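Each residue of the sequence shown is one higher than the one before, counting from 1 in UniProt numbering.
Data block below; observations after.
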Amino acid sequence: TEQAVAVAGAIIGGTLLFVLIGITAYLLWKKLCHRLSYEKLTSPVKTTNANGIFQDPSTFEIQPNCPSRSGSIPFIIPPKLRGRDWINLTSEERVQEESDPCTIPQSGPRSSFHSLAGAYVVGTINPELYKFPEDKSETDFPEGNIGRLWFSIEYEQESERLLVSLIKVRKLQPPDDSCSPFVKIYLLPDERSYLQSKTKRKTINPQFDENFVFQVSSKALFQRTLKFLVYHIDKQKKHHLLGQVIFPLKNETLTDDNKLVIWRDLEKENLEPPSEYGDIQFSLSYNDYLGRLTIVVLRARGIKLQEESPVGVYVKVSLMNHNKFIKSKKTAAVLGSPNPVYNETFSFKADQTELDTASLSLSVLQSTKGEKTHLLGRVVVGPFMYARGKELEHWNEMISKPKELVKRWHALCHST
Numbered sequence: 001t002e003q004a005v006a007v008a009g010a011i012i013g014g015t016l017l018f019v020l021i022g023i024t025a026y027l028l029w030k031k032l033c034h035r036l037s038y039e040k041l042t043s044p045v046k047t048t049n050a051n052g053i054f055q056d057p058s059t060f061e062i063q064p065n066c067p068s069r070s071g072s073i074p075f076i077i078p079p080k081l082r083g084r085d086w087i088n089l090t091s092e093e094r095v096q097e098e099s100d101p102c103t104i105p106q107s108g109p110r111s112s113f114h115s116l117a118g119a120y121v122v123g124t125i126n127p128e129l130y131k132f133p134e135d136k137s138e139t140d141f142p143e144g145n146i147g148r149l150w151f152s153i154e155y156e157q158e159s160e161r162l163l164v165s166l167i168k169v170r171k172l173q174p175p176d177d178s179c180s181p182f183v184k185i186y187l188l189p190d191e192r193s194y195l196q197s198k199t200k201r202k203t204i205n206p207q208f209d210e211n212f213v214f215q216v217s218s219k220a221l222f223q224r225t226l227k228f229l230v231y232h233i234d235k236q237k238k239h240h241l242l243g244q245v246i247f248p249l250k251n252e253t254l255t256d257d258n259k260l261v262i263w264r265d266l267e268k269e270n271l272e273p274p275s276e277y278g279d280i281q282f283s284l285s286y287n288d289y290l291g292r293l294t295i296v297v298l299r300a301r302g303i304k305l306q307e308e309s310p311v312g313v314y315v316k317v318s319l320m321n322h323n324k325f326i327k328s329k330k331t332a333a334v335l336g337s338p339n340p341v342y343n344e345t346f347s348f349k350a351d352q353t354e355l356d357t358a359s360l361s362l363s364v365l366q367s368t369k370g371e372k373t374h375l376l377g378r379v380v381v382g383p384f385m386y387a388r389g390k391e392l393e394h395w396n397e398m399i400s401k402p403k404e405l406v407k408r409w410h411a412l413c414h415s416t
């Protein structure tokens, strides 16, 4: 019995010893594998060549006399920053020189990882991400431009004051060699009173920086329109109008803490006398890709208002095809002014094949108390089937200049 117990104990002890040796060997093997894996992970990244590209160890050879390198990842200076003074570089941070004999770059494909690392190195800032958008308002002037005006507007709710700051004008086109400009500012529909800036002598790029105040209630504010007239004084003290800017306030958000800085190109004033029933200005554009006809109703002038108490004047735009009504849209009403400003855009679906049979009818209407509506004038633009003269020319120019806004004045007639 004692002999059997001794044999059993020896077997158990041998088994335990064998298991212990196996566990110890497994742990040592695992630790060795982990160390080899870490060295393999850190070894591919060495230094860069003169072009600042990370090289894989398979793409270069180590020279026999090359000193040993640290196994940590070096800090690489981007090529475009080379030649600058760098301070406080530690022993692990270095700039790769072209004459460094330790690496010989070889030609061959590079992975996307290496390309990315060479382009954006850790520790540098890409300045392109922090650039402000370039202001091209003082450099990009379209052909035929006669000047550009900058101004700002702000509205004080409590005191009901509209604050207008006249900032500057650039690239004026005076009739003479010298230019002495000044600006008149109107708040339409009141054309009898205005505010005037100081005159700037001998400059086509005047800097004004002047402030003006108009008293207007918050209810009437969005029915008003700012009008800037830029004049030049010649040597005989005569005033010459160089251009104007019309700026309706109805689509603007004006608050005490919202100061809008705006620029607009000057437009030539229509010096022709108004026609019998007045004139209307609008732009036409056709997008052949989208099959979309666009009209921008800008303004009217010289409208003959009815004697009754006016409520408002608006424009109704109707699309016709073969003289059949398709669709109509209308602007907001402007309170009884003979020179209303709208600046409203409307779009209609129209296939390119329909342009030979389609037309646009613009009717200027006045609504009065009692919900009566009076036709003040009308104009039709379209192909030869429906229009002649300026109206036909406007339509054909729109077709010949796709996706461009073509702007013109048209005389109103009273025919129905």
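Quick reminder that beta carbons are idealized off the backbone N, C-alpha and C, glycines included.
Quick caveat, the model's predicted, so the values are computed rather than measured.
How do the stretch 191-207 and the stretch 161-174 stand: do at least 3 beta-carbon pairs fall below 8 Å, yes or no?
-> yes
Just checking my contact of residue 405 with residue 280 at CB under 8 Å: how many whole Å lie between their CB atoms?
-> Not quite, the Cβ-Cβ distance comes to about 16 Å (not below 8 Å), so this is no contact.
Using alpha carbons as the reference points, say which of 265, 258 and 11 lies closest to residue 245.
-> 265
For residue 29, the residue or residues it bridges with in DSSP = DSSP, once it has assigned bridges, lists no residue as partnering residue 29.
How many Å lie between residue 350 and residue 378 at the Cα?
-> 22 Å
Touching by the beta-carbon criterion (3+ pairs, under 8 Å), the stretch 307-326 and the stretch 350-370 | yes
Using alpha carbons as the reference points, say which of 25, 410, 399 and 376 lies closest to residue 389.
-> 410
Excluding five sequence neighbours on each side, which residues of the same chain lie with their C-beta closer than 6 Å to the C-beta of residue 189?
-> 337
Using a Cβ-Cβ cut-off of 7 Å (strictly less than) and excluding sequence neighbours within five positions of residue 68, which residues of its own chain qualify?
-> Caution is warranted here: a pLDDT of 47 is assigned to residue 68, below 50, making its placement in the model unreliable, and the coordinate value is therefore given only provisionally. Cβ neighbours of residue 68 beyond the five flanking positions: none.
Taking the C-alpha atoms as reference points, what is the distance between residue 213 and residue 402?
-> 42 Å
Whose C-alpha, out of 217, 312 and 331, is nearest the C-alpha of residue 367?
-> 312
For residue 196, which of 174, 182, 9 and 202 has the nearest alpha-carbon?
-> 182
3 or more residues per run - each beta strand (DSSP E) lying fully within the stretch 230-283 = 239-248 and 260-265
Would you decide whether residue 344 is buried or exposed? Buried here means 16 or more other CB atoms lie within 10 Å of its CB.
-> buried
Quick one: give me the first and last residue of the beta strand (DSSP E) that residue 211 is part of.
-> 207-215
Which ranges would you report for the beta strand (DSSP E) in the UniProt domain "C2" (276-396) if only whole runs of at least 3 residues count?
-> 279-287, 292-301, 310-321, 324-330, 341-349, 358-368 and 372-381
Among the residues of its own chain, which have a CB less than 8 Å from the CB of residue 328, if the five just before and after it don't count?
-> 316, 317, 318 and 319
For residue 373, I'd like the list of residues in its chain whose CB is within less than 8 Å of its CB, leaving aside the five on either flank, ordered along the chain.
-> 365, 366 and 367
Could you spell out the range, first to last residue, of the beta strand (DSSP E) harbouring residue 168?
-> 161-170
Can you list, in chain order, the residues of its chain whose CB lies under 7 Å from that of residue 393, leaving out five sequence neighbours each side?
-> none
Give the straight-line distance between the Cα atoms of residue 238 and residue 199, rounded to the nearest whole angstrom.
-> 13 Å
Determine the DSSP secondary structure at residue 401, reduced to helix, strand or coil.
-> coil
Where residue 2 falls: helix, strand or coil (DSSP) = helix
Secondary structure of residue 182, DSSP reduced to three states | strand
Do residue 352 and residue 291 have their CB atoms nearer than 8 Å?
-> yes
Might you give, ordered along the chain, the residues of its own chain that have their beta carbon closer than 7 Å to the beta carbon of residue 288, omitting 5 neighbours on each side?
-> 352 and 402
Taking the C-alpha atoms as reference points, what is the distance between residue 216 and residue 408?
-> 32 Å
Residues sharing a beta bridge with residue 226, DSSP = 187 and 247
Mapping DSSP to helix, strand and coil, what is residue 412?
-> coil
Out of curiosity, what's the CA-to-CA distance linking residue 201 and residue 269?
-> 23 Å
Check whether the Cβ atoms of residue 221 and residue 277 sit closer than 8 Å, and answer yes or no.
-> no
Cβ neighbours of residue 259 in the same chain (closer than 7 Å, five flanking residues each side left out) = 152 and 154
DSSP beta-bridge partners for residue 148?
-> 170 and 265
Look at the Cβ atom of residue 226, then the Cβ atom of residue 249, and state whether they are nearer than 8 Å.
-> yes
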